[in-house]
Amino acid sequence: MNIDDAEIGKFEALAHRWWDPNGDFRALHDINPLRLGYVDDRAPLKGARVVDVGCGGGILAEAMAMAGAEVTGIDMAGKPLAVARLHALETGAELEYLAATPEDLAGERPGAFETVTCMEMLEHVPDYASSIAACAELAAPGGQLFFSTISRTPKAYLLAVLGAEYVLNILPRGTHDYARLIRPSELAGAVRRAGLQVKDVSGMAYNPFSHRARLTRDTDVNYLLHAVRP
Ligand code: SAH
């Protein structure tokens with residue numbers, strides 16, 4: 015199974031902090047409007063069948079449901095999923111959450127989704143190429159896929175690991191292991207090997223003081239990749 019128990023454990027331990035807008039996962043809340051807009055601009059969410067892979071506490075999954083998509087969120091950490099379900103009860107968002115890896119769900123529902131999102135997860139699995147191949151199987155022909163992660167550069171280490179986790183406390187400490195970060199060329203390679211076409215790679219510049227994020231051409235730290243299944 016393509017799961018790293020130690021990584022899942024980190025997310026289990028912090029599940030109760032997921033929806034605190036000033037808490038451990040602040041960075042995910044801050045970048046959410048930008049990534050939601052990126053997806054919606056390229057693959058309109060209203061009425062679309064969407065799977066959010068590695069959804070955690072549901073920050074993106076719930077926002078996509080609120081935008082009118084029919085969303086399935088999957089994750090292998092039980093506590094974040096429980097938090098996600100409770101939060102949806104509170105807000106009235108209608109979506110489905112399942113405990114599954116993308117490989118599991120691809121076996122059960124191949125080609126079932128018009129849009130596949132997989133944000134900030136690939137750097138936490140033992141074999142990200144396997145996760146990407148499973149995401150490709152989940153997508154219907156002509157489906158749109160969106161990945162985001164952190165590049166493996168000294169700048170990313172300084173800003174996204176040391177800065178965000180240890181100085182600014184906007185991500186839980188120890189979340190990111192430098193060796194597992196993924197460069198855009200590596201991600202694009204795995205995406206192509208999964209039979210997908212890369213449409214766009216954009217950097218996400220995040221200002222931790224204004225808490226605003228914007229798209230940029232600089233993909234040295236956080237970035238998004240849009241692909242399509244032919
Ligand atoms: N995508 C969410 C959460 C990112 S945190 C967001 O960006 O807001 C990464 C999540 O990936 C965690 O919730 C973790 O439990 C999940 N995860 C890690 N490995 C996984 C796997 N093999 N299958 C499914 N989920 C996984």
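Number 244 marks the last residue of the sequence shown (our numbering); no jumps.
Idealized CB from N, CA, C, for every residue including glycine.
Tell me, to the nearest whole angstrom, how far the beta carbon of residue i is from that of residue j; I am working on the premise that it is less than 8 angstroms.
| i | j | result |
| --- | --- | --- |
| Ser-165 | Tyr-52 | Between Tyr-52 and Ser-165 the Cβ distance is about 17 angstroms, and since that is not below 8 angstroms, they are no contact. |
| Ala-62 | Ala-107 | In fact, because the Cβ distance is near 15 angstroms, the residues do not count as touching under 8 angstroms. |
If you measure from the CB of residue i, is any heavy atom of the ligand SAH nearer than 7 angstroms?
| i | result |
| --- | --- |
| Met-78 | no |
| His-225 | no |
| Ile-196 | no |
| Gly-246 | A question about residue 246 goes unanswered here, because the residues of the chain that appear run from 15 up to 244. |
| Thr-245 | No information on residue 245 is available, as it lies outside the stretch 15 to 244 that the chain covers here. |
| Phe-25 | yes |
From what residue to what residue does the beta strand (DSSP E) around residue i run?
| i | result |
| --- | --- |
| Ile-110 | It should be noted that the sequence gives Glu, not Ile, for residue 110. It spans 110–113 - the beta strand (DSSP E) in which Glu-110 sits, taken as one unbroken run. |
| Thr-129 | 127–133 |
Would you kindly report the start and end of the unbroken alpha helix (DSSP H) that includes residue i?
| i | result |
| --- | --- |
| Met-78 | 73–80 |
| Val-9 | In the structure displayed, the chain extends from 15 to 244; residue 9 sits before or after that span and is not available. |
| Asp-55 | 40–56 |
| Asp-118 | 116–122 |
Which one of the options has the shortest CA to CA distance from residue i?
| i | options | result |
| --- | --- | --- |
| Ala-113 | His-30, Val-97, Leu-172 | Val-97 |
| Ala-148 | Ser-162, Glu-134, Val-130 | Val-130 |
| Gly-157 | Val-242, Gly-82, Leu-50, Glu-21 | Val-242 |
| Gly-121 | Leu-100, Ser-145, Leu-109 | Ser-145 |
| Thr-115 | Gly-209, Asp-141, Ala-202, Thr-105 | Asp-141 |
| Arg-197 | Trp-33, Ala-143, Ala-75 | Ala-143 |
| Ser-162 | Leu-201, Leu-172, Leu-100, His-190 | Leu-201 |
Excluding sequence positions up to five away, which residues of its chain have a Cβ less than 6 angstroms from the Cβ of residue i?
| i | result |
| --- | --- |
| His-240 | Arg-56, Phe-160, Lys-213, Asp-214 |
| Glu-151 | Ala-120, Pro-124 |
| Thr-167 | Asp-234 |
By Cβ distance, which residues of its chain are closer than 7 angstroms to residue i, with the 5 residues on each side in sequence left out?
| i | result |
| --- | --- |
| Gly-82 | Leu-59, Lys-60, Gly-61 |
| Gln-323 | Given a span of 15 to 244 for the chain in the structure shown, any question on residue 323 remains unanswerable. |
| Tyr-180 | Arg-187 |
Who are the near neighbours of residue i in its chain, counting only those whose CB is closer than 8 angstroms to its CB and skipping five residues on each side?
| i | result |
| --- | --- |
| His-225 | Arg-40, Asp-44 |
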